[in-house]
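Here the numbering used here is used: position 509 in the sequence shown is 791, and no number is missing along the way. Every residue gets a Cβ at the ideal spot worked out from N, C-alpha and C, and that includes glycine. Since this is a predicted model, take the numbers as computed values, not measurements. The next block holds one structure in the form of structure tokens; read it before the comments.
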Amino acid sequence: MTEQPQPFRDPQLPFAKRIDDLLQRLTLDERIAMLHQFAPPVDRLGLGAFRTGQEALHGVAWMGPATVFPQAVGLGATWNDELVRRIGEAVGNEVRAKRAQDDRVGLNVWAPTVNLLRHPLWGRGEEGYSEDAGLTSAIAVAYTRGLRGDHPLYWRTAPVLKHWLAHNNETDRDTSSSSVRPRVLHEYDLRAFRDAVRGGAVAGVMPAYNLVNGRPNHVSQLLSQQLRSWTDRSLVVCSDAGAPSNLVDSEHYFDTHEEATAASLKAGVDSFTDHGQDSSVMTGRIRGALERGLIDEHDIDTAVRRLLELRCSLGEFDPELDPYAAGADAGAALFDTAEHRALAQEAAEQAVVLLKNEGLLPLDPGTGKTVAVVGLLADACKLDWYSGTLIHRSTPLDGVRERFGADNVVFAEGADRIRLRCADGWLQIPATDDNRDPARGAQGALDPALLAGRTDLPPLTCGDTPSELALVDWGNGVITLRAPEGLYLSVAEDGYVRASADEPGGWVVQETFRWEAVEGHRGGHRLLHIGTGRYLSVAADGVKVAAADEEISADVNAAGAPGAATVFEIEVTERGEDAVARAAAAADTVIVVVGNDAHINGRETEDRATLDLPAQQERLWRAAHAANPHTVLAVTSAYPYALTDAAAALPALLWTAHGGQAAGTALARILAGDISPAGRLPQTWYTSDAELPGLLDYDIIGSRQTYLYYEGTPLYPFGHGLSYTDFTHTSITAERDGDLLRVRLTVTNTGAVAADEVAQLYVRAVAPSVVRPLRQLVAHRRLHLAPGAGERVEFAVPVAELGHWDVAHGRWTVEPGTYEIQAGASSTDIRLVTLVTVDGEATGPRPVLDRGLEAADYDEQFGTELVDRTRTHGDAVAPAAPFDSVAVENELLFRKCDFASGVRAVTVLAAGEGAVDITVDGRTVTVPVPATAGPYDYRPRDAVLSAFGVHDVRATLHGAVRLARLAFTGDAE
């Protein structure tokens, strides 16, 4: 008789029944253990270990060699959904291939990042796709569908979206609160997640470290009210690393970790990423919460059920039926394939954006003319924190040499060449027979933050023979120093300084320093190691920084004493701009490659300080241009720069994100005209820092942020990108078809070069009743056209895309009226306009007698912020700063409030202490708010108020008051 399998292993049963069976077989301790990121095996049931969280933002990260695709912002610049889907498929296949060879590799991938690039100074802008929610969600849907695969039951990998919600700052990221009004929430921040989830290939989300409206994302009611309402599929919520502990340790939102853990679980967090691979701390907190009655077994089972459904979907319980399962040999065939290499190059090519061209480009490689490739990134292939280890590497210099011929290329990096001298002699790098170790992280690491620097090389010393160093100033006083052999000066765990790093990198970068001038010592500088925050000192056994328990004196008079900060004098042997000028003068054309290192001055944990290009790189392009007017600026960066002078002076500019393993080849092919550039900017490039709102100002409507509301003139607008050919857009039509608008137009290549064009479709409300976007992207299509060819392009736009969140009635609404449908080549280069009229019922004024006024539902605000009404749900409004007669008033404005035939009283629901002024029709009533028992102790306070008809209402907040709502009593009541 054939033994029947356990029901949870029976593929003939639906997942739900199988999980029911498995849940009842698991003990309580086994279920609790599954709630940690590193779930242990359950040997008695034949269940293996399981981990959530494999980084795969633009390739398999942290687990050794992998195909490295362009950064996420570069994928956004392609505006090509189908290309990104193929990249997702390739990454998913490599995850599976590496999993077959290394069981540390997880199939639950933490990608993509759908945080919107609202502010260009956000340090993690490289991880997102765009400032536009629609473009972001379209690219995210494509990537997740590739990662997921197309099998109806089993998933190739299980993508988790990062980082829920309104997360655009690294400064105080675990304690700052994003004040997000309902319109911004529904029209902007939620939309990127919503549309990606509805795309059907998302397995879950990761909450962000920050708070939203005073409440930590890890206990947000929006996880249940919004996220899980968008799909019938179970979604797993994985905490960010260390965030559960932050609820108590840094945010002080709860008094105990048991309370915090219980609140997270009840809010919808299923998997706790905390304390690394040590699950005992979190499981202990869960047991403690259970013992205290803060949660029950149902709360635990709800989370475990979601995790088990995820594991079922990945084929764990049906290995023989899993279409994506691969043995070690088969896995190798899916890894670093010719197709993946070609795809990486295609992606890098499609990501290049031509910002300006006065006829200098493309260059003709057949003429034999000389090209100078110069700049600090000219011979660099930069990675970021979420990159894999390169198998193949192409720098701009490599690419240009290959395409134009090495004999036709001259090179100058442009780093300053220096020597350092101190009282003990010249700083020198000891000779070594070292063969370089593999790149940092080449063997893979579950936590690359723990990777240590090398201690097997001799430390720097001082003596009679100087070593020349290449100095690069990355801006804000942050420098790197590189030895002649190409290794960067770095500090290892033992505190000694060595020439040991291939590139700056790591969670705490150990390769960056800062000069500090020494008062009273002409030309003397101390050298501060930024990673440790300690000065360098020359000791008898080598150059080191202070030990953790040793204070190095910064007093110049202590120089030479044990532990003293050594004073160095800098001798410049060659200025970088001089080398660049010589190379530029010797060439017919100059390519100046500038940009950033993705580990310095803008990365996870560190926001940018400015849009400005670092001064050293500014000097380089100016020197090149002074020597040769035929100068191209190629910007290779994770974010925009304010290149106002360069844009005015230079004949050609390009931008690309760090393009991965094929970046140099791609750039060279664009320069040579093998491919016409067709990347488009996924975010606005501003002219200066003065055009930016505050980094923590999340109200894109009130402060007129992004292309949607920005009223100034950008350096380069959202959607901008030039071509080597010309396109026309003609014959636009738009008609209503049920819930859709069907828009058609013809795009024609009128030039002599085959090329891609990105057709962009925008909408604008002609006479809106509230502030609406200047225009908003509703569709896009990248298409390839031969010379003279045209294509009729059709877009199906849901009518709902014309709508907005109506705070007056608490719903999504499409106002009746006229809308412009605009087609063009960028958000400011509109080529065609047609009008559509939408019928419907006007929203009307606010029915305040029926609904009252929720404080958060204002139309405009001045000097306030949104805060948590309770720890579990709801919003209130508080002054952003104490009110005084000089500062801007802490005021809320509610437009068009309908008091019908009349009201006789107002009720203010508020907590804290202070007062609220209510102004209607020029009359003001002050409602005192005596001190309540705490910030969540809301008490109603009544006052006489007489009004009838439709009027605006102003509420001015005084003191430490937290306003939840206003209610009105009618004359007839």
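Asked: Near P870, which residues of its chain fall below 6 Å by C-beta distance, leaving aside the five closest residues on each side in sequence?; Found: Residue identity check: residue 870 is Asp in the sequence provided, not Pro. Only K651 and T652 meet the Cβ criterion.
Asked: Are the beta-carbon atoms belonging to A1163 and T1146 less than 7 Å from one another?; Found: no
Asked: Could you pull the start and end residues of the beta strand (DSSP E) that Y817 belongs to?; Found: R816 to A821
Asked: Straight-line CA distance for V1226 to V1096?; Found: 37 Å
Asked: Ignore the nearest five residues each way along the sequence and tell me which others in T737's own chain have a CB closer than 6 Å to its CB.; Found: A774 and D776
Asked: For L295, does the three-state DSSP call read helix, strand or coil?; Found: coil
Asked: Ordered along the chain, which non-local residues of its own chain (more than five positions away) have a Cβ less than 6 Å from that of A916?; Found: I873, V875 and L936
Asked: Give every residue of the same chain whose Cβ lies closer than 6 Å to the Cβ of E833, excluding the five residues on either side of it in the sequence, and list them in chain order.; Found: Reliability fails at E833, whose pLDDT of 49 lies under 50, so the model's placement of it is uncertain and the value that follows must be treated cautiously. Cβ neighbours of E833 beyond the five flanking positions: none.
Asked: With distances taken between CB atoms, is the gap from L547 to D581 smaller than 7 Å?; Found: yes
Asked: Rounded to a whole number of angstroms, what is the C-alpha to C-alpha distance between D302 and T457?; Found: 39 Å
Asked: By the DSSP assignment, the alpha helix (DSSP H) with Q898 in it spans what residues?; Found: A897 to A909
Asked: So, at 8 Å on beta carbons, what are the nonlocal neighbours of L893 in its own chain, with the 5 sequence-adjacent residues on each side left out?; Found: P402, L403, P922, Y923, A924, Y968, S970, D971 and L974
Asked: Suppose you measure from the CA of R780 to the CA of G745; what does that come to, to the nearest Å?; Found: 15 Å
Asked: Using only the alpha-carbon positions, how far apart do S527 and R1236 sit?; Found: 40 Å
Asked: Taking its Cβ as the centre, do 16 or more other Cβ atoms sit within 10 Å of G946, making it buried, or is it exposed?; Found: buried
Asked: By Cβ distance, which residues of its chain are closer than 8 Å to L902, with the 5 residues on each side in sequence left out?; Found: V656, G657, L658, G696, G858, E859, V862, V874 and V876
Asked: Could you tell me which uninterrupted alpha helix (DSSP H) segments, each at least 4 residues in length, are contained entirely in the stretch 595-668, listed from first to last along the chain?; Found: 610-615 and 620-632
Asked: Just the C-alpha distance for V1243 and Y1140, rounded to the nearest angstrom, thanks.; Found: 17 Å
Asked: I need the boundaries of the alpha helix (DSSP H) containing P526, first residue and last residue.; Found: A525 to D531
Asked: What does DSSP give as the partner residues of K444 in its beta bridges?; Found: T395 and M488
Asked: Taking its Cβ as the centre, do 16 or more other Cβ atoms sit within 10 Å of P844, making it buried, or is it exposed?; Found: Model confidence at P844 stands at a pLDDT of 44, short of 50, so the residue's coordinates are unreliable and nothing is read from them.
Asked: Looking at the secondary structure, which residues open and close the beta strand (DSSP E) in which T743 lies?; Found: T743 to G745
Asked: Could you spell out where the beta strand (DSSP E) holding V1188 opens and where it closes?; Found: V1185 to A1193
Asked: Can you tell which of P1222, L1059 and G806 has its C-alpha closest to the C-alpha of S1108?; Found: L1059
Asked: Would you list, in sequence order, the uninterrupted alpha helix (DSSP H) runs of no fewer than 4 residues that lie entirely inside the stretch 325-397?; Found: 354-360 and 363-383
Asked: Using a threshold of 7 Å, state whether the C-beta atoms of A1137 and R1247 are closer than that.; Found: yes
Asked: Note the first and the last residue of the continuous beta strand (DSSP E) segment covering S1013.; Found: F1009 to D1019
Asked: Could you tell me which whole beta strand (DSSP E) segments of length 3 or greater appear in the stretch 672-697?; Found: 691-694
Asked: Does DSSP classify Y470 as helix, strand or coil?; Found: helix
Asked: Taking the C-alpha atoms as reference points, what is the distance between H445 and I421?; Found: 16 Å
Asked: In three-state terms, what does DSSP make of E775?; Found: coil
Asked: Could you please give me the residues that DSSP links to K826 through a beta bridge?; Found: Y778 and S819
Asked: Rounded to whole angstroms, what's the CA-CA distance from Q559 to F320? Just pull it up for me.; Found: 6 Å
Asked: Of the choices R701, D454, F290 and Q503, whose alpha-carbon is the least far from that of G1156?; Found: Q503
Asked: In angstroms with no decimal places, state the Cα-to-Cα distance between G787 and P730.; Found: 10 Å
Asked: Quick one: any contact between the stretch 949-967 and the stretch 990-1010, if contact means 3 or more CB pairs under 8 Å?; Found: yes
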